[in-house]
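2 protein chains.
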Amino acid sequence: MSEARMKHFGWGREGEAMSGEEEGFLLDRYRRRFGVDEFEEKPAPKPQEIELPPPRIAPPASLASLASNDPHERARHTYGKSYPDYVRGLAGDYALAPDVVAYPRSEADVAALLDWAGDVGAAVIPFGGGSSVVGGVEHRLDRARYKAGLTIDLGRMGRVLEVDRASRAARIEAGAFGPALEAQLKPHGLSLRHFPQSFEYSTLGGWIATRSAGHFATLYTHIDDFVESLVVLTPQGRIETRRLPGSGAGPSPDRLFIGSEGILGVITEAWMRLQDRPRFRAGGAVRFRDFFAATRAVRSIAQAGLFPANCRVLDAEEAFNTGAGDGSFAVMVLAFESGDHAVDPWIERALECCRDHGGTPEAVEGADAHREGAAGLWRNAFIRMPYGRERMVGRAIISDTFETAITWDRFERFHDAVKRATETAIKDVTGRLGQVTCRFTHVYPDGPAPYFTFHALGRHGSLIEQWRAIKTAASDELIASGGTITHHHAVGRDHRPWYDRQRPHLFAAALKAAKQALDPRGLLNPGVLIDP
Amino acid sequence: MSEARMKHFGWGREGEAMSGEEEGFLLDRYRRRFGVDEFEEKPAPKPQEIELPPPRIAPPASLASLASNDPHERARHTYGKSYPDYVRGLAGDYALAPDVVAYPRSEADVAALLDWAGDVGAAVIPFGGGSSVVGGVEHRLDRARYKAGLTIDLGRMGRVLEVDRASRAARIEAGAFGPALEAQLKPHGLSLRHFPQSFEYSTLGGWIATRSAGHFATLYTHIDDFVESLVVLTPQGRIETRRLPGSGAGPSPDRLFIGSEGILGVITEAWMRLQDRPRFRAGGAVRFRDFFAATRAVRSIAQAGLFPANCRVLDAEEAFNTGAGDGSFAVMVLAFESGDHAVDPWIERALECCRDHGGTPEAVEGADAHREGAAGLWRNAFIRMPYGRERMVGRAIISDTFETAITWDRFERFHDAVKRATETAIKDVTGRLGQVTCRFTHVYPDGPAPYFTFHALGRHGSLIEQWRAIKTAASDELIASGGTITHHHAVGRDHRPWYDRQRPHLFAAALKAAKQALDPRGLLNPGVLIDP
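Line by line, the protein sequences are chains Y and W. According to my numbering, the first sequence holds residues 1 to 532 in order. According to my numbering, the second sequence holds residues 1 to 532 in order.
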C-alpha cells in the first residue's frame with residue numbers, strides 16, 4: 001500500500017493532524033475557558049516505546065497469510081477512539097492488545113478464522129475502521145474463559161461487488177471505508193450518502209453493526225433504512241437475508257443484526273439502498289436569539305413532512321466554539337437536496353417555519369450556500385473535530401460528547417436537567433467550571449436527537465476517573481429523564497450500565513438466547529450489549 | 001352493546017352485506033369470465049346448525065367474568081378470513097373452535113389469562129379483529145401437546161389512553177379497532193392514517209403483530225415505522241420498551257415484536273406516531289396504455305423523493321374489474337396530502353414523471369379529485385371487496401389475492417412468471433381459464449409490492465384442494481423468482497412452507513431461541529412462523 005499506515009494513537013493515518021492554526025484556535029479557546037496560561041503537556045509514547053504483552057496464540061500455517069502478530073498492528077487495534085482510549089494510549093497502556101490481528105479477503109477466510117478461534121478458545125472482535133467511542137473493539141476479556149483475543153479487521157474486503165441501477169442498490173463488502181465506497185459508486189451516478197463524522201475512517205460493516213447515523217438529519221437518519229439485505233457469518237454458519245424492498249414476513253431478520261455490534265456474527269456484505277447524486281440544493285443558516293425557539297422551529301419543520309437533508313441546530317455556545325456564531329445566537333443549519341427536482345418550495349416552507357419562531361436567515365445566496373457562511377464554518381469544524389482529541393488529551397483537557405434522543409414533550413426539561421447534571425459534575429470533579437453545549441444531529445417528527453459536548457480541565461493521572469465521573473453523572477440523568485443512552489454512538493462496553501437499565505430485561509433474555517443459538521461458545525465480542 | 005354482533009361467517013357484523021347491485025355486478029362479471037349461466041349455490045349453515053366440539057376446559061371462577069364458552073363466540077373465533085376459512089365455514093366444519101374465548105379489560109387480566117393457560121396446558125392465540133388471511137388465529141394444534149385452545153380477544157381494550165400533542169403521539173390499547181381509534185384521535189386534530197383494507201374490522205395490536213401495511217403507498221407503508229414503543233405481555237413477564245423518537249442502542253427491541261404474530265407475547269398497548277389531519281390534497285388517476293410503462297412511471301416517482309400518499313397502479317384487467325377502466329388501459333391512482341402545505345409542486349413533478357412514460361392524467365379537477373373518477377371508483381371497490389367473499393364461496397368461485405415485493409431489476413420478469421404460473425395452475429386444476437390481475441399496493445425506491453388477484457371456478461367438495469393447488473403454484477413461483485411470500489398479509493400457518501424457504505435457517509434458530517426465553521412452554525400461537 002502506498003498510503004501511510006494508520007496511526008496507533010490518534011485519528012486517521014500517520015502524518016495527518018490538525019494544523020498549527022487549528023490547534024492554536026482550540027487551545028486559545030480553552031485557555032480563556034479555564035482561565036489558565038498554559039497546559040501541562042504529556043507526550044504520547046512513540047511506537048517503539050510501546051510494550052505489548054506477548055501474544056498467547058499464533059495463527060496456524062493455513063491462516064498465516066491473513067493474520068499477524070505485528071506489534072504496530074496489535075497496538076493500533078487495541079482501542080477505539082473514545083476519550084478513555086486516548087488516555088490509556090497516552091499512558092502507554094496496551095495490556096488489552098489483541099493477540100492476533102487477521103485480515104480476511106473473503107467470506108471463506110472469515111469462516112476459517114471463526115473456526116480457528118473456536119478451536120483455540122479465542123474471543124473474536126470484528127473490526128471495521130476502529131472508530132468506536134464506546135469500548136466496542138477492545139479485548140476486555142474474562143481471561144479464565146478466553147485463551148486469547150483475535151481481532152478480525154475487515155479492511156481488505158472493501159469492494160462494491162454489484163450495482164443494480166434500476167433498483168438503485170449495490171452489493172458492497174462490509175470492510176469498505178466511506179471514501180472508497182463512494183468512489184466506486186460515483187461512476188454509476190449513485191451515492192450511499194451516509195456520512196457520519198467518522199466517514200473517512202469507518203466502514204459499511206461498522207455502520208450497520210452500530211446503527212450509525214449520517215448525513216441526513218431527517219428521514220434516513222440511521223443506516224438501518226438503507227440496508228436491503230445482509231450476509232452475516234456466525235460460528236454456526238452463514239446467514240443471507242433475501243433482497244427485498246419491503247417485507248412483512250415475520251420479524252425482520254436484518255433488524256436483528258443491525259445494531260448487534262458484533263455479538264451475533266460478522267457482517268461480511270450488504271445490499272445497500274442508494275441515492276441519486278444531488279443536482280439541486282438549497283440551504284443556509286438561520287439565526288435564533290433563543291435556543292428553544294430554534295428547537296421549536298425544528299419541530300415544526302420535522303412535523304411538516306418536508307424532509308430536509310440537513311436540519312441541525314447549534315446552541316449559541318456550540319455555534320461560537322465552531323466559529324459559526326458570536327455566542328449571542330443559536331444557529332440552524334438547513335439544507336434541502338434532490339437528484340430529481342428543484343427544492344425551492346421545500347426550503348421556502350421551511351424558512352417560513354423558522355420565521356414563525358423568530359428565526360432570521362443568514363444572507364448567503366447561491367447554490368453553494370450550504371457550504372458557506374455559518375453552515376460552512378460549522379461543517380468544516382465538524383469534519384476536523386476528530387483530529388483534536390489526540391492533541392488535547394496530552395494537555396489534560398477532558399473533552400467528549402454524548403448523544404441521545406427524547407420526545408418533544410420532554411425535551412426542554414430534559415435538556416436543562418442533562419446540561420445541569422453535567423456542569424455540576426464537571427465542577428465537582430475538577431474543581432473548575434467547564435462547559436456543556438448542545439446541538440441536534442438528527443430530528444424526527446416525535447423528537448430530536450440532542451448531542452452534547454463537554455469540556456473540562458482535568459489532571460494527568462486522574463483523567464479516566466474524572467472523565468468517568470462526569471460521564472456517569474450525564475448518563476444517569478439521560479436515563480432518569482427518559483432518554484436513550486445512545487442515538488448512534490452504540491452501546492459497546494462503556495454504555496452497558498445504562499443500556500442495561502434502558503432495555504427491557506426480557507428483551508435481553510431473548511437476545512442472549514438468540515446469541516446462544518448463533519454463537520454457542522460466546523466467542524463474539526464478549527461483554528458488548530449483554531454478558532455472553 | 002347496541003351494535004349487532006360480529007358474524008360467525010363472513011365479513012363484519014350481522015346485517016352487513018354487499019348490496020344486490022354489488023353482488024349482481026360481481027356475478028355478471030364471473031358469468032362472462034367463466035362462460036356459465038348459473039352457479040351451483042350452497043348456503044352457509046345457520047348459527048343453530050353449527051356443531052362445536054365440547055369445550056375441554058372452563059374458566060376458573062376468578063376469570064369467569066372475562067371468559068366464555070358461548071357457542072357463537074367460539075364459532076366466530078374459529079377462523080380468520082382466508083379463502084379456506086370460508087370454505088370450512090361453508091361446510092360447517094368448526095372442529096378447531098377455541099375451547100374458551102376470553103376478553104381481558106386490562107394488562108392484569110391478560111397476565112392472569114396467560115398464567116391460567118400455563119396451568120391447564122392450553123395454547124393461547126391473541127386475537128384482534130380476526131381478519132387474518134393466513135391461518136394466523138386458528139387452533140391447528142398438536143392435541144397431544146396442548147390440552148385445549150384459549151383465544152384471547154383484545155377487543156375490550158380499545159382506548160386511547162394518552163395523547164402527546166407536542167410529539168404527535170398517543171398511547172393506545174392494542175384492541176382498538178380502526179374507526180374507534182381514529183374517532184378518539186380526531187378531537188386532537190391527529191390521525192394514525194393507517195388504513196389497511198381491513199381497517200374497520202382489525203385492531204392496532206393485530207396491525208403491529210402482523211406488520212400490516214396501510215394507506216401510505218410510499219414511505220410509511222408498514223405500521224412498523226409508526227411504533228414508538230410497545231408493551232408486550234409474555235408468559236415470563238412484562239416487556240415495556242422505552243418511548244424514543246429514534247435510538248441506536250442495540251438491535252431494536254420493538255422490531256423483534258413487530259411481526260411476531262403472537263408467538264412471543266401479547267401486545268397490550270403501544271405509543272404510536274401520529275399525523276396531522278391532511279388539509280391540502282392533490283391527486284387523481286393517470287391512464288397508461290401499457291402496464292409496464294405505468295410501473296416505470298411509478299419507479300421514477302418512487303425514486304424522486306416526492307413521497308406521494310397514494311401511488312398505486314392497476315393493470316388493465318384489474319382496472320376493468322373494479323370499474324376504474326374499460327380494460328384497455330392501466331390506471332395509476334396518485335395522491336399527495338399534507339397537513340402543512342399546498343402540494344402542487346409535488347403533484348406537478350409526479351405528473352411529469354407520468355408523462356415521461358406516456359401517462360395521460362384523467363380530467364378530474366378539484367380538491368376531491370382523489371375521491372372521484374377512476375380513483376374514486378377503485379377506492380369504493382377496494383373498501384367493499386371483503387364483503388364479496390362470503391357471497392362467492394357458496395357459488396364455488398375461488399377468488400383470492402396474494403402479495404409480495406421484489407426489486408425493480410427483477411420486476412417485469414417476475415410479474416410475468418408469477419402470472420403465468422398462476423394462470424397455468426388455474427387451468428390445470430379447474431379445467432377452465434381463470435383470471436390473474438396485478439396491482440401495486442405500495443412502492444419503494446428499490447422495488448414495488450405487487451398484489452395479485454385471481455379468479456377461478458371451482459367445484460364444491462374440492463374447493464380447498466383446488467385453492468391449495470393454485471396457491472402452491474403461485475407461492476412456489478414467488479419464492480423461486482426472488483420475492484417474499486408476504487409483503488403485509490403475514491405468515492401465519494398457511495405461508496409457512498414458503499416462509500421456511502425464504503428466511504435464513506439460522507434466523508429461525510435465533511427466533512426459536514428467543515421464543516424459548518419468553519414462552520418456555522411454547523403456549524403462544526403454536527405453529528405460526530416457527531415450530532415451538
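C-beta atoms are modelled at their ideal positions from N, C-alpha and C, and glycine is treated no differently. Note that this is a predicted model, so its numbers are computed, not measured.
Residues that DSSP places opposite residue i in a beta bridge
i	result
Y/P308	According to DSSP, Y/P308 bridges with nothing at all.
Y/V137	Looking at the DSSP assignment, Y/V137 forms no beta bridge with any residue, so it has no partner.
Y/D153	Y/F127
Y/P104	Paired residues: none, contrary to the question.
Y/P278	Bridge partners of Y/P278: none, in fact.
W/I172	W/V160 and W/A270
Y/M6	Y/R13
W/H455	W/S399 and W/Q435
Y/H442	Y/A449
W/T360	W/R287
W/A148	W/A122
W/S338	W/F280
Y/T203	Y/F177
Y/A587	As displayed, chain Y neither begins before 1 nor continues past 532, which places residue 587 of chain Y out of reach and without an answer.
Y/A237	Note that residue 237 of chain Y is Gly in the sequence shown here, rather than Ala. DSSP, once it has assigned bridges, lists Y/T234 as partnering Y/G237.
W/A67	W/A102
Sub-7 Å separation of residue i and residue j beta-carbons
i	j	result
W/I267	Y/P504	no
W/E390	W/G10	yes
W/M332	W/A170	no
W/L219	W/F307	yes
W/T424	W/T437	no
W/L518	W/V124	no
W/A330	W/D315	yes
W/F534	W/T203	Lying before the first or after the last residue shown, residue 534 of chain W is absent from chain W, which here runs from 1 to 532.
Y/E362	Y/A381	no
Y/A324	Y/L377	yes
Y/G388	Y/L26	yes
Y/L150	Y/A122	yes
Y/R76	Y/A97	no
Environment of residue i [buried if 16+ CB atoms lie within 10 Å]
i	result
W/M1	Because W/M1 carries a pLDDT of 45, less than 50, the predicted location of this residue cannot be relied on, and the following value inherits that uncertainty. Exposed, since its Cβ has fewer than 16 Cβ neighbours within 10 Å.
Y/A510	buried
W/I383	exposed
Y/V36	exposed
Y/T360	exposed
W/K81	buried
W/A61	exposed
Y/R349	buried
Y/D153	buried
Cross-chain neighbours of residue i in chain C, by beta carbon under 7 Å
i	result
Y/I239	Structure shown: chain C not included; protein chains present are Y and W.
Residues of the segment 150–170 of chain W with a CB closer than 9 Å to any CB of chain Y: list them in chain order, please. D164, R165, A166, S167, R168 and A169
For the segment 331–343 of chain Y, list every residue whose C-beta sits within 8 Å of some C-beta in chain W, in sequence order. S338, G339, D340 and H341
Cβ contact check for the segment 46–60 of chain W and the segment 409–421 of chain W: 3 or more pairs under 8 Å: no
So, does the segment 132–144 of chain Y touch the segment 152–166 of chain Y, judging by three or more C-beta pairs under 8 Å? no
Segment contact flag, the segment 185–198 of chain W with the segment 240–259 of chain W, C-beta cutoff 8 Å, min 3 pairs: no
Positions along the segment 430–444 of chain Y whose CB lies within less than 9 Å of some CB in chain W: H442, V443 and Y444
Taking Cβ-Cβ distances below 8 Å as the criterion, which residues of the segment 467–497 of chain W are in contact with chain Y? G482, G483, T484, I485, T486, H487, H488, H489, A490, V491 and H495
With 7 Å as the C-beta to C-beta threshold (strictly closer), list the residues of the segment 240–256 of chain W near chain Y in chain order. E240, T241, R242, R243, L244, P245, G246, S247, G248, A249, G250, P251, S252, P253, R255 and L256
Cβ-based contacts, 7 Å cut-off: residues of the segment 289–314 of chain W near chain Y: Q303, A304 and G305
Closer than 8 Å is the cut-off here; do at least three beta carbon pairs connect the segment 460–471 of chain W with the segment 425–445 of chain W? yes
Using a Cβ-Cβ cutoff of 7 Å, what residues of the segment 219–231 of chain Y are near chain W? List them in chain order. T221, H222 and E228
Along the segment 397–420 of chain W, where does the CB come closer than 8 Å to a CB of chain Y? Name the residues. A405, I406, T407, W408 and D409
Mind checking the segment 182–198 of chain W against chain Y and listing, in chain order, the residues whose C-beta falls within less than 8 Å of any C-beta there? none
Any C-beta of chain W within less than 8 Å: which residues of the segment 261–273 of chain Y qualify? E261, L264 and R273
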